[in-house]
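Trainee: Handing you a structure now.
Numbering (the working numbering), first residue to last: 1092 to 1143.
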């Protein structure tokens, strides 16, 4: 899960902060601030565990 804070930049919006929140409460959120959009790329999405 995640959320972001956006700020207006002329005619568009920029992400001021992105927070990646884990489903498992044993882990802390990952907070990204001051990162240019060109520096970030989503490369995968965890969907499910196939075997336990």
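Cβ atoms here follow ideal geometry from the backbone N, Cα and C, with glycine treated the same way.
Owing to the predicted nature of the structure, the values given are computational and were not obtained by experimental measurement.
So what's residue 1130 in DSSP terms, helix, strand or just coil?
Mentor: In the chain shown, counting from the first residue as 1, residue 1130 sits at position 39. Three-state DSSP puts residue 1130 in a helix.
Trainee: Mind checking whether the beta-carbon of residue 1092 lies closer than 6 Å to any heavy atom of the ligand SAH?
Mentor: Ligands are entirely absent from the displayed structure, and the ligand SAH is therefore not among its contents.
Trainee: Take residue 1121 and list the residues in its own chain whose beta-carbon comes closer than 6 Å to its own, dropping the five residues that flank it on each side.
Mentor: Position 30 of the chain shown, counted from the start, is the residue given in the question as residue 1121. Cβ within range, chain order: 1111.
Trainee: Where does residue 1123 sit, in a helix, a strand or coil, going by DSSP?
Mentor: Position 32 of the chain shown, counting from 1, holds the residue named residue 1123. Strand at residue 1123.
Trainee: Over what stretch of residues does the beta strand (DSSP E) that includes residue 1093 continue unbroken?
Mentor: Against the chain shown, residue 1093 aligns to sequence position 2. Run containing residue 1093: 1093-1100, per the beta strand (DSSP E) assignment.
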